[in-house]
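Beneath this line is the structure, given in structure tokens, with notes to follow.
In this note's numbering, the protein residues as written are 100 to 287.
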């Protein structure tokens with residue numbers, strides 16, 4: 100049986116998910132930690148207790164917050180995600196999302212942490228794009244699972260669930276060993 104575009108897409112998704120799972124988990128945890136910090140900077144503990152004391156319906160609940168670094172444009176807001184929904188002030192509704200503008204005199208550690216998150220997100224997306232392109236080149240160069248196994252034997256953990264065989268004569272443009280080396284580099 101031939102390697103269909105659906106199978107190629109599925110193998111690509113599985114490969115990306117497994118390759119970048121650790122980095123995405125770290126980014127999510129860091130985003131949650133920064134979101135808690137942002138929430139605590141937006142609302143003083145006394146205000147948080149007052150908001151929690153009132154019944155449901157008085158306040159919106161949100162899990163996404165925004166932060167803006169000093170000297171940056173309003174469009175350059177950074178989204179961070181809380182683990183669960185928290186109550187936010189009535190002024191922060193579905194149309195105006197809560198945003199903490201980092202003051203000029205803020206601790207540099209906080210700014211560095213936020214900038215590190217932004218940089219790691221950007222690097223992850225660049226690495227995903229690079230791997231996705233290489234995967235697409237390799238997968239489009241083979242027509243059967245047998246040929247894929249010949250060209251990329253180290254990738255069996257990404258496509259073992261799709262065991263199909265049929266002969267083919269096409270030669271892929273990317274070497275399977277190069278793809279495996281790229282994945283190992285990105286998994287760091």
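Don't be surprised by glycine CBs; every beta carbon is placed ideally from N, CA and C.
{"Item": "So what's residue 207 in DSSP terms, helix, strand or just coil?", "Value": "helix"}
{"Item": "Give the DSSP-derived three-state secondary structure of residue 200 in the structure shown.", "Value": "strand"}
{"Item": "One question on the structure: do residue 111 and residue 238 come within less than 8 Å of each other, judged by their Cβ atoms?", "Value": "yes"}
{"Item": "Tell me, please, whether the stretch 198 to 213 touches the stretch 130 to 147 by the rule of three or more beta-carbon pairs shorter than 8 Å.", "Value": "yes"}
{"Item": "By alpha-carbon positions, which one of 185, 252, 167, 120 ends up nearest to residue 151?", "Value": "185"}
{"Item": "Assuming residue 147 and residue 198 make a contact with CB atoms under 8 Å, what is their CB distance in whole Å?", "Value": "Not a contact, Cβ separation roughly 17 Å."}
{"Item": "If you check the beta carbons only, do residue 118 and residue 223 fall under 8 Å apart?", "Value": "no"}
{"Item": "Report, in whole angstroms, the separation of the C-beta atoms of residue 163 and residue 180, which I expect to be a contact under 8 Å.", "Value": "5 Å"}
{"Item": "Measure how close the beta-carbons of residue 257 and residue 114 come, nearest whole angstrom, since I'm counting them as under 8 Å.", "Value": "4 Å"}
{"Item": "Starting from residue 107, follow the alpha helix (DSSP H) in both directions and report where the run begins and ends.", "Value": "104 to 141"}
{"Item": "Which of the three DSSP states is assigned to residue 233 in this structure?", "Value": "helix"}
{"Item": "Return the CA-CA distance between residue 169 and residue 122, expressed in angstroms with no decimal places.", "Value": "27 Å"}
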